[in-house]
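Visitor:
4 protein chains.
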Amino acid sequence: MGVLRLGYVHVRVTDMEAAKRHYINTMGFYPMLEVGNKLYLKGWDEFDHHSIVLEEGGVGVAKVGFKVAKPDDIDVIESKSRTFGVETQRMTKGDNPDVSDGLRITLPSGHIVEVYHDQTYVGSLVGTVNPQLFPRELVGIGAPRIDHALLGCDDVNTTEKFFIDVFDFYQVERLIPDLDHQDCSLATWLSSGNRGHDIALIQGENYDKKLHHLAFQLEGWSDILKAGQIMSIDDVPIDMGPTQHGITRGKTIYYFDPSGNRNEVFADGYVAQRDRPTMLWTADQVARGINAINRTLNETFTTALT
Amino acid sequence: MGVLRLGYVHVRVTDMEAAKRHYINTMGFYPMLEVGNKLYLKGWDEFDHHSIVLEEGGVGVAKVGFKVAKPDDIDVIESKSRTFGVETQRMTKGDNPDVSDGLRITLPSGHIVEVYHDQTYVGSLVGTVNPQLFPRELVGIGAPRIDHALLGCDDVNTTEKFFIDVFDFYQVERLIPDLDHQDCSLATWLSSGNRGHDIALIQGENYDKKLHHLAFQLEGWSDILKAGQIMSIDDVPIDMGPTQHGITRGKTIYYFDPSGNRNEVFADGYVAQRDRPTMLWTADQVARGINAINRTLNETFTTALT
Amino acid sequence: MGVLRLGYVHVRVTDMEAAKRHYINTMGFYPMLEVGNKLYLKGWDEFDHHSIVLEEGGVGVAKVGFKVAKPDDIDVIESKSRTFGVETQRMTKGDNPDVSDGLRITLPSGHIVEVYHDQTYVGSLVGTVNPQLFPRELVGIGAPRIDHALLGCDDVNTTEKFFIDVFDFYQVERLIPDLDHQDCSLATWLSSGNRGHDIALIQGENYDKKLHHLAFQLEGWSDILKAGQIMSIDDVPIDMGPTQHGITRGKTIYYFDPSGNRNEVFADGYVAQRDRPTMLWTADQVARGINAINRTLNETFTTALT
Amino acid sequence: MGVLRLGYVHVRVTDMEAAKRHYINTMGFYPMLEVGNKLYLKGWDEFDHHSIVLEEGGVGVAKVGFKVAKPDDIDVIESKSRTFGVETQRMTKGDNPDVSDGLRITLPSGHIVEVYHDQTYVGSLVGTVNPQLFPRELVGIGAPRIDHALLGCDDVNTTEKFFIDVFDFYQVERLIPDLDHQDCSLATWLSSGNRGHDIALIQGENYDKKLHHLAFQLEGWSDILKAGQIMSIDDVPIDMGPTQHGITRGKTIYYFDPSGNRNEVFADGYVAQRDRPTMLWTADQVARGINAINRTLNETFTTALT
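Protein chains in written order, with this note's numbering: chain S, 1 to 306; chain E, 1 to 306; chain F, 1 to 306; chain X, 1 to 306.
(1) In terms of DSSP beta bridges, what is M240(E) paired with?
(2) So with Cβ pairs under 8 Å, would you call S232(F) a contact of chain X?
(3) Quick check: what's the CA-CA separation for N294(X) versus V64(F)?
(4) Is R136(F) close to chain S? Criterion is C-beta to C-beta, closer than 8 Å.
(5) Report the start-end ranges of each alpha helix (DSSP H) in the segment 6-83 of chain X that is 4 residues or longer and not cut off at the edges.
(6) Determine the DSSP secondary structure at L225(X), reduced to helix, strand or coil.
(7) Comparing the CB of V126(S) with every heavy atom of the ligand SAM, is any distance shorter than 7 Å?
(8) Based on the DSSP output, what are the partners of L211(F) in its beta bridges?
(9) So is Q229(F) in contact with chain S if we call contact Cβ pairs under 8 Å?
(10) Tell me whether Y8(S) is buried or exposed, calling it buried when 16 or more other Cβ atoms sit within 10 Å of its Cβ.
(11) Using the beta-carbon count (16 or more within 10 Å), is Y121(S) buried or exposed?
(12) DSSP three-state call for D234(X): helix, strand or coil?
(13) Report the neighbours of Q261(X) on chain F: residues whose CB is nearer than 9 Å to its CB, in chain order.
(14) Against chain F, with Cβ distances strictly below 8 Å, would A69(E) count as a contact?
(15) Return the chain-ordered ranges of every alpha helix (DSSP H) run that is complete within the segment 117-197 of chain X and spans a minimum of 4 residues.
(16) Check each candidate in I202(F), D73(F), L175(F) and name the one with the smallest Cα separation from G152(F).
(17) In chain F, which residues lie with their C-beta within 7 Å of the C-beta of L151(S)?
(18) Would you list, in chain order, the members of the segment 29-58 of chain E that have their beta-carbon closer than 7 Å to a beta-carbon of chain F?
(19) In the DSSP assignment, what residue or residues form a beta bridge with D268(X)?
(20) With a threshold of 7 Å on Cβ separation, who are the neighbours of P144(F) within its own chain once the five nearest residues in sequence on each side are excluded?
(21) Can you pull the DSSP bridge partners for R288(X)?
(22) Under 8 Å between C-beta atoms, does S222(E) make it to chain X?
(23) With distances taken Cα to Cα, identify the nearest neighbour of H111(X) among V156(X), D118(X), T92(X), P237(X).
(24) Leaving out the 5 sequence neighbours to the left and right, which residues in its chain are closer than 8 Å to I290(E) when beta-carbon positions are compared?
(25) Is there at least one Cβ from chain X nearer than 8 Å to L133(S)'s Cβ?
(26) What residues in its chain sit with their C-beta under 8 Å from that of P237(X), if we drop five residues either side in the sequence?
(27) For H50(X), which option in M32(X), V59(X), E56(X), F66(X) has the closest C-alpha, if you only look at C-alpha atoms?
(28) Among D234(S), Y40(S), L280(S), H212(S), which one has its Cα closest to the Cα of H181(S)?
(29) Any Cβ of chain E within less than 8 Å of the Cβ of N294(S)?
(30) Taking 8 Å as the CB-CB cut-off, is P242(F) touching chain X?
(31) Taking only beta carbons into account, state which residues of the segment 265-281 of chain S come closer than 8 Å to chain X, listed in chain order.
(32) Contact defined as beta carbons within less than 8 Å: I believe L186(X) pairs with L305(X). What is the distance between those atoms, to the nearest angstrom?
(33) Kindly indicate which residue of A287(S), R5(S), K20(S) has the alpha-carbon position closest to the one of V139(S).
(34) Please classify S109(F) as buried or exposed, where buried requires at least 16 neighbouring CB atoms within 10 angstroms.
(35) If you run the structure through DSSP and keep just helix, strand and coil, what is A283(S)?
(36) Output, in chain order, the set of chain F residues within a Cβ distance shorter than 7 Å of Q285(E).
Structure representation (structure tokens):
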């Protein structure tokens with residue numbers, strides 16, 4: 001089966017109290033555990049123990065975790081990682097609270113990726129028998145789940161190859177310089193299943209180890225607006241949107257958490273398929289790819305990475 | 001009864017062929033009559049002969065028309081106009097094709113306003129007996145009707161007073177310098193009925209006679225997105241949005257017609273009431289008033305008038 | 001100016017505790033005052049003291065109130081009422097808490113209508129200076145305001161004539177037996193301004209004094225669904241919908257309060273205009289008029305009046 | 001990799017001309033090929049040659065096709081099918097126009113299932129380089145793709161087991177008699193990836209070989225309404241909706257094609273995951289599972305199979 005999905009993201013925040021107000025009160029994530037400088041959270045529609053971990057100290061992404069279907073998948077990924085030539089390290093159950101043993105990999109881009117086969121099952125407030133549509137009392141935006149992350153790379157192509165070769169991800173969409181250089185990815189959107197992306201990569205100078213954004217899924221264009229309204233009331237800085245991406249066709253708002261990490265609320269987008277042709281975007285059309293409605297790009301899009 | 005609503009707007013366009021493609025193919029208005037350098041159009045849900053008139057030559061607003069309930073209202077407005085001290089002139093049936101006789105007024109801001117009591121009744125394609133929800137074949141955005149116009153003024157207060165004293169409009173929302181200067185309108189949103197605005201005014205240097213934007217009504221946030229999608233495909237330049245105004249709470253996209261006139265698709269907003277308190281916006285909060293979601297203002301907002 | 005709008009509705013409920021849970025916790029109305037067997041409530045976007053009054057004991061509508069623009073309008077309506085030939089009675093400030101003096105009229109249909117020129121101004125939680133889009137913490141459905149009521153009549157035509165002659169309402173849409181009997185209204189939708197209806201009337205045997213439904217306004221199709229989802233969780237019985245009316249084009253859910261009074265959440269609909277032609281529906285098309293999407297009518301529609 | 005998705009459904013129709021009007025003009029599918037009594041269609045966002053095949057003569061489902069990732073998957077499924085004990089037969093490239101060779105299986109429920117690894121690639125009108133959001137000119141509802149089918153079974157459990165054992169599908173949701181009989185499926189929703197269901201099964205007397213419904217995907221609640229509006233204008237009979245399912249949380253309208261086959265437009269629903277706990281619905285709550293908003297079930301739901 002292999003990799004199921006992006007399971008968790010550890011995000012560094014400069015001020016834990018401000019981060020709590022944002023991620024809990026504004027975004028509506030549930031705090032599950034606080035240990036040392038780390039706060040573990042989950043969305044209401046997630047059933048594993050946590051998907052977002054706030055780590056006080058600095059900004060950016062500390063590490064990301066991918067869940068695989070079964071313990072054997074860890075071995076396969078370890079073996080393929082060695083063949084690919086990245087550094088790996090076994091991780092022990094308990095290295096991360098409520099997460100099984102697994103593998104820790106350093107990507108060519110310098111990001112730390114963990115692979116695990118189990119998390120403590122927590123379930124959601126609607127239960128599994130005759131469930132209501134959602135919990136009656138959601139807080140703020142009430143985001144149901146983590147969706148994807150866009151990581152920075154000095155060189156996208158090598159890290160992209162890692163995800164394809166080792167994780168068996170496929171390319172949903174790609175940004176290329178022009179049609180004469182189709183072998184070169186300036187950015188790539190990679191999926192393990194039917195979502196538009198589990199992970200995406202974007203290239204830039206000194207982008208290695210950096211986070212472009214972390215995205216949470218919402219349900220549809222109306223919920224994107226509701227999120228924007230709550231952000232307005234709670235004074236959350238907006239980077240872009242509401243708008244629709246040309247790439248993935250997702251509806252979106254980019255915004256910043258109190259530490260300056262870019263986050264995204266993301267909804268819809270077409271059903272990705274492994275046999276669907278990869279969409280290609282040439283660099284001259286990148287603005288429409290990111291912001292299909294107004295077809296311009298904020299300067300911050302390429303500068304504000306953490 | 002008095003003034004019913006904004007009935008028509010004459011917009012100057014530099015290139016009639018480009019304007020036709022935009023207003024007919026992209027916006028979905030119906031061409032009703034073409035005479036000389038003028039094209040008369042209507043929205044699908046309007047029943048009078050026309051609401052938008054394109055005049056080839058230049059840019060900006062040539063004149064706006066307000067419909068009153070009955071012929072006597074013309075006399076009342078003529079009398080009040082004289083008392084107020086603006087220049088008026090009787091207009092004859094046929095001065096505007098398919099429009100009754102009425103009154104032509106020069107506003108303190110220099111804009112030409114016409115008042116009329118009748119237009120040729122045309123109806124809509126769904127008829128008046130057991131109507132379908134909308135005509136089966138709409139073109140492009142398929143905008144149903146004109147909504148309002150925002151006019152520029154060197155001094156908003158005098159022209160605002162005209163609309164209140166002579167047209168019996170009331171103030172729905174107002175932009176003021178600060179709470180110590182509540183008697184001074186920097187911008188004002190004026191209504192005759194339950195819509196958030198039939199006409200609005202904004203102050204700036206050399207704004208007299210100018211058009212800030214002309215707005216068309218759509219039905220809700222989803223239709224705002226659909227409009228933005230069509231604008232993307234048809235390469236219509238976007239100025240702002242999709243977003244929601246703090247002022248009126250309308251959902252919106254500002255965009256430019258091929259001549260550079262700012263237009264707006266506008267949806268929702270609260271039900272305005274004559275006895276509802278006027279909302280006040282202080283100048284330091286104007287960005288949130290215009291763009292409630294991202295709370296920033298394009299530079300073009302105050303510079304791109306035609 | 002005359003009648004501004006439907007201002008309040010007194011609804012009889014069999015069980016005040018159940019009614020409170022419904023109107024406050026599910027619908028999100030604010031309790032403003034409780035005196036004797038009466039509870040006064042308002043929606044978050046209303047500025048007058050109350051719009052819904054629950055009266056313990058029985059079911060149906062005890063009375064409805066219409067707000068006029070100024071005290072003189074009361075005199076005009078009193079005079080016209082006498083000419084029309086309905087029974088009137090002066091009401092004193094304080095007859096209804098926080099409501100001015102006015103006039104009480106017994107409609108030909110037996111319903112009690114009150115006319116008043118003032119209510120205690122309360123305002124809303126977003127205030128009138130640089131207001132947020134809505135209060136951050138709304139309860140349940142969070143309905144912003146009352147919209148309209150549909151009253152039963154043994155004979156619609158006389159009561160319709162009252163609203164036209166005395167209140168100066170106009171006919172937005174009408175249900176007629178067939179095109180050969182256009183002078184006979186089986187149901188009528190009447191407006192004072194730009195809303196699709198302030199009051200509507202429907203004819204049936206022993207319908208006099210009865211309530212078909214009381215409607216609250218929501219903003220758009222997405223909020224109609226959200227309301228339906230909350231009703232599902234809170235186990236509110238649905239009568240019809242979500243769907244769209246052919247008549248007024250409003251989006252709707254009909255549902256029952258715990259006492260069996262039909263209520264409606266209502267959104268959108270076209271902009272009504274005094275000079276817009278009245279839409280006619282023939283009796284054979286009534287199902288599409290009420291439920292444009294599935295074009296069938298529940299049996300309860302004509303039987304469940306309170 | 002195994003089974004990617006439901007790839008095509010052959011639907012029997014009594015009248016090809018009426019079916020064409022419905023599937024092409026109302027639903028907006030593209031006719032790709034007509035041979036003998038068969039018409040091959042695709043949705044605008046599908047890239048393989050066809051997904052819906054209309055076969056003149058009778059009603060119901062003639063056969064369904066599932067696409068697998070690679071030719072080897074055919075062999076695996078053939079082998080597993082024999083182990084499971086269902087009848088299989090090799091099919092040749094060209095048995096179905098534009099479809100590769102593969103395997104034909106007779107399900108325990110009597111339905112014919114075909115498995116194939118390739119179809120002629122056709123692509124969509126937006127292309128694969130810098131694509132627009134959708135083709136500028138869509139017809140009617142403009143449905144982008146097929147979503148799933150719900151098949152009838154005299155005994156769900158055996159056919160469910162087939163899809164789990166042979167196709168490696170997993171259970172997203174299940175209807176059971178009660179919590180004391182959790183091993184018995186009265187209905188089941190089965191997925192191969194992250195969609196709520198590729199195939200679903202429902203049990204009833206003489207349900208074998210029958211079709212409950214065939215579903216097409218739309219994007220969100222607003223497009224569900226737009227579909228309902230077009231169905232109203234085009235006089236398509238509605239069976240249920242617009243509403244939201246409790247099961248899968250999809251938004252939906254059930255309707256009938258001109259031959260009486262139930263179809264569905266389906267949108268949203270949560271992201272299904274192989275490790276997500278299967279939701280259980282007890283028979284007493286089935287009405288809420290199917291129609292979460294009004295929590296009642298049409299009689300037709302269990303009787304109108306074709």
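Glycine included, each C-beta is placed from N, C-alpha and C at the ideal position.
Guide: Well, looking at it:
(1) Mapped onto the second sequence, residue 240(E) falls at position 240. In the DSSP output, where bridge partners are listed per residue, M240(E) has Y254(E).
(2) The sequence position of residue 232(F) within the third sequence is 232, counting from 1. True, the Cβ-Cβ gap to chain X drops below 8 Å.
(3) Position 294 of the fourth sequence holds residue 294(X). Position 64 of the third sequence holds residue 64(F). Straight-line Cα distance between these residues: approximately 29 Å.
(4) Residue mapping note: residue 136(F) aligns to position 136 of the third sequence, counting from 1. Yes, R136(F) lies at the interface with chain S (some Cβ there is under 8 Å from its Cβ).
(5) 16-20
(6) Sequence index remark: in the fourth sequence, residue 225(X) carries index 225 (1-based). Three-state result, L225(X): helix.
(7) This structure does not include the ligand SAM; it has no bound ligands of any sort.
(8) Sequence index remark: in the third sequence, residue 211(F) carries index 211 (1-based). BP columns for L211(F) point to L151(F).
(9) The residue labelled residue 229(F) in the question sits at position 229 within the third sequence. Closer than 8 Å: yes.
(10) Position 8 of the first sequence, counted from the first residue, corresponds to residue 8(S). With 16 or more other Cβ atoms within 10 Å, it is buried.
(11) Counting from one through the first sequence, the residue named residue 121(S) turns up at place 121. Sixteen is the threshold: since fewer than 16 other Cβ atoms of the shown chains lie within 10 Å of the Cβ of Y121(S), the residue is exposed.
(12) Here residue 234(X) is taken as the residue at index 234 of the fourth sequence, counted from 1. Three-state result, D234(X): coil.
(13) Against the fourth sequence, residue 261(X) aligns to sequence position 261. For the record, residue 261(X) in the displayed sequence is Asn; it is not Gln. Ordered by position in chain F, no residue passes the 9 Å Cβ test against N261(X), which lies about 18 Å from the chain.
(14) The sequence position of residue 69(E) within the second sequence is 69, counting from 1. The beta-carbon of A69(E) is placed less than 8 Å from the nearest beta-carbon of chain F.
(15) 156-165
(16) Mapped onto the third sequence, residue 152(F) falls at position 152. Nearest of I202(F), D73(F), L175(F) to G152(F), Cα basis: I202(F).
(17) Within the first sequence, residue 151(S) is the residue found at index 151, counting from 1. Here the premise fails: no neighbours, minimum Cβ distance about 33 Å.
(18) Here the close residues are D45, F47.
(19) Walking along the fourth sequence from the start, residue 268(X) turns up at place 268. Assignment of beta-bridge partners to D268(X) by DSSP yields G250(X).
(20) One-based indexing of the third sequence puts residue 144(F) at position 144. Taken in chain order, the residues that qualify are G43, W44, D45, Q217.
(21) Counting from 1 along the fourth sequence, the entry for residue 288(X) is found at position 288. DSSP output for R288(X) lists no bridge partner at all.
(22) Here residue 222(E) refers to the residue found at position 222 of the second sequence. It does; some Cβ of chain X falls within 8 Å.
(23) Position 111 of the fourth sequence, counting from 1, holds the residue named residue 111(X). The shortest Cα separation from H111(X) among V156(X), D118(X), T92(X), P237(X) belongs to V156(X).
(24) The count along the second sequence starts at 1 and reaches residue 290(E) at position 290. Same-chain partners within the cutoff: M240, H245, G246, I247, L297, F301.
(25) What you label residue 133(S) is simply residue 133 of the first sequence in a count that begins at 1. So, interface residue.
(26) Residue 237(X) sits at position 237 when you count from the first residue of the fourth sequence. Only Y255, F256 meet the Cβ criterion.
(27) Here residue 50(X) refers to the residue found at position 50 when the fourth sequence is read from its first residue. Ranking M32(X), V59(X), E56(X), F66(X) by Cα distance to H50(X) puts M32(X) first.
(28) Against the first sequence, residue 181(S) aligns to sequence position 181. For H181(S), the nearest C-alpha among the options comes from L280(S).
(29) Counting from one through the first sequence, the residue named residue 294(S) turns up at place 294. For N294(S), the answer is yes, since a Cβ of chain E falls inside 8 Å of its Cβ.
(30) The sequence position of residue 242(F) within the third sequence is 242, counting from 1. Interface residue, yes.
(31) D268, Y270, V271, Q273, R274, D275, R276, P277, T278, M279, L280, W281
(32) Reading the fourth sequence from its first residue, position 186 is the one you call residue 186(X). Reading the fourth sequence from its first residue, position 305 is the one you call residue 305(X). Wrong, their Cβ atoms sit about 15 Å apart, outside the cutoff.
(33) For the purposes of this step, residue 139(S) is taken as residue 139 along the first sequence, with counting starting at 1. Answer by Cα proximity: K20(S).
(34) Translated into the one-based positions of the third sequence, residue 109(F) becomes position 109. By the 10 Å Cβ count, S109(F) comes out buried.
(35) As a working note, residue 283(S) is residue 283 in the first sequence. A283(S): helix per DSSP, three-state reduction.
(36) Here the question's residue 285(E) lines up with position 285 in the second sequence. Ordered by position in chain F, the residues that pass the 7 Å Cβ test against Q285(E) are N130.
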